[in-house]
Amino acid sequence: MGSWGRVLLGSAVLLAACTTTGRSAPSVGAPATPAPANPRASAASGCGSRVETGVLPDWADAGFSGEARIPHVFGAKGEIVAVLFGHPLALRRGEGPTNKILWVAKPAATSPDPASPATLAITATLDGTDTRVTREVAGGPGPSIIDLPRAGCWHLELHWSGHTDTMDLVYAED
Numbered sequence: 021m022g023s024w025g026r027v028l029l030g031s032a033v034l035l036a037a038c039t040t041t042g043r044s045a046p047s048v049g050a051p052a053t054p055a056p057a058n059p060r061a062s063a064a065s066g067c068g069s070r071v072e073t074g075v076l077p078d079w080a081d082a083g084f085s086g087e088a089r090i091p092h093v094f095g096a097k098g099e100i101v102a103v104l105f106g107h108p109l110a111l112r113r114g115e116g117p118t119n120k121i122l123w124v125a126k127p128a129a130t131s132p133d134p135a136s137p138a139t140l141a142i143t144a145t146l147d148g149t150d151t152r153v154t155r156e157v158a159g160g161p162g163p164s165i166i167d168l169p170r171a172g173c174w175h176l177e178l179h180w181s182g183h184t185d186t187m188d189l190v191y192a193e194d
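21 is the number of the first residue of the sequence shown in the working numbering; add one for each residue after it.
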């Protein structure tokens with residue numbers, strides 16, 4: 021392998037290590053770590069929805085210029101994405117960014133159910149507890165400030181215009 025090949029390979033390995041969230045990259049020659057039995061569980065964080073840092077999908081990048089690279093989390097079904105302007109999300113924020121989340125729903129192949137409210141209804145359950153709270157985003161998926169009462173991994177059930185999806189979001193102590 022020529023020197024350019026080694027540089028490109030090294031860059032790819034470094035990029036993969038920097039963009040992997042919640043798991044450390046295996047060292048060269050080490051066996052790959054198998055996926056957890058529970059798809060919502062992650063060895064490092066205990067929270068299954070990975071924060072992506074790559075380019076937003078075309079259907080979610082309206083209003084952004086160029087190839088928007090911003091932290092985001094996909095719903096388990098891929099029907100919605102949470103664009104995290106306040107990443108990392110935190111229980112208490114003094115000065116600085118809020119827990120702003122832009123919810124972008126994937127365009128539906130069929131018309132939304134006219135009987136369903138346009139509101140994005142969020143039921144959040146703190147992992148390992150019976151702590152459950154609800155939040156709403158009036159008008160459906162869009163900009164929001166989503167504060168939750170405790171730090172930890174929250175499992176979100178999302179309902180809007182006849183659609184549903186789920187995701188996990190981690191809120192840090194500070």
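Glycine included, each C-beta is placed from N, C-alpha and C at the ideal position.
{"Query": "Nearest candidate by alpha-carbon position, reference Leu-189, set Ser-181, Leu-176, Gly-182", "Result": "Leu-176"}
{"Query": "Beta-carbon proximity of Ala-96 to Thr-154, cut-off 8 angstroms", "Result": "no"}
{"Query": "Proximity to Leu-140 [Cα-Cα], best of Glu-87, His-179, Val-103, Trp-174", "Result": "His-179"}
{"Query": "First through last residue of the beta strand (DSSP E) which encompasses Thr-154", "Result": "152 to 157"}
{"Query": "Three-state secondary structure (DSSP) of Ala-80", "Result": "helix"}
{"Query": "Secondary structure of Gly-68, DSSP reduced to three states", "Result": "coil"}
{"Query": "Supposed contact pair Lys-120 and Ile-90 - C-beta distance, whole angstroms, cut 8 angstroms", "Result": "Ile-90 to Lys-120, Cβ: 11 angstroms. No contact."}
{"Query": "C-alpha gap between Phe-94 and Ile-100, whole angstroms", "Result": "6 angstroms"}
{"Query": "Cβ-based burial, Pro-134 [other Cβ within 10 Å; buried from 16]", "Result": "exposed"}
{"Query": "Cβ neighbour criterion (16 or more within 10 Å) applied to Leu-168", "Result": "buried"}
{"Query": "Counterpart residues of Phe-105 in DSSP-defined beta bridges", "Result": "Answer is none; Phe-105 lacks a bridge partner."}
{"Query": "Neighbourhood of Pro-161 by C-beta distance below 8 angstroms, restricted to the same chain and skipping five residues each side", "Result": "Ile-100, Trp-123, Val-124, Ala-125, Leu-140, Trp-180"}
{"Query": "Cutoff 6 angstroms; reference Phe-105; Cβ partners in own chain excluding five residues on either side", "Result": "Lys-120"}
{"Query": "Closest residue to Asp-150 among Trp-174, Glu-156, Ser-85 (Cα-Cα distance)", "Result": "Trp-174"}
{"Query": "Whole-Å CB distance - Tyr-191 paired with Leu-76, under 8 angstroms assumed", "Result": "That pair is no contact at about 22 angstroms."}
{"Query": "Nearest neighbour of Ser-69, chosen from Ala-88, Phe-84, Gly-98, Asp-78 [CA to CA]", "Result": "Gly-98"}
{"Query": "Reference Ser-136; option with closest CA among Arg-170, Pro-163, Ala-158", "Result": "Ala-158"}
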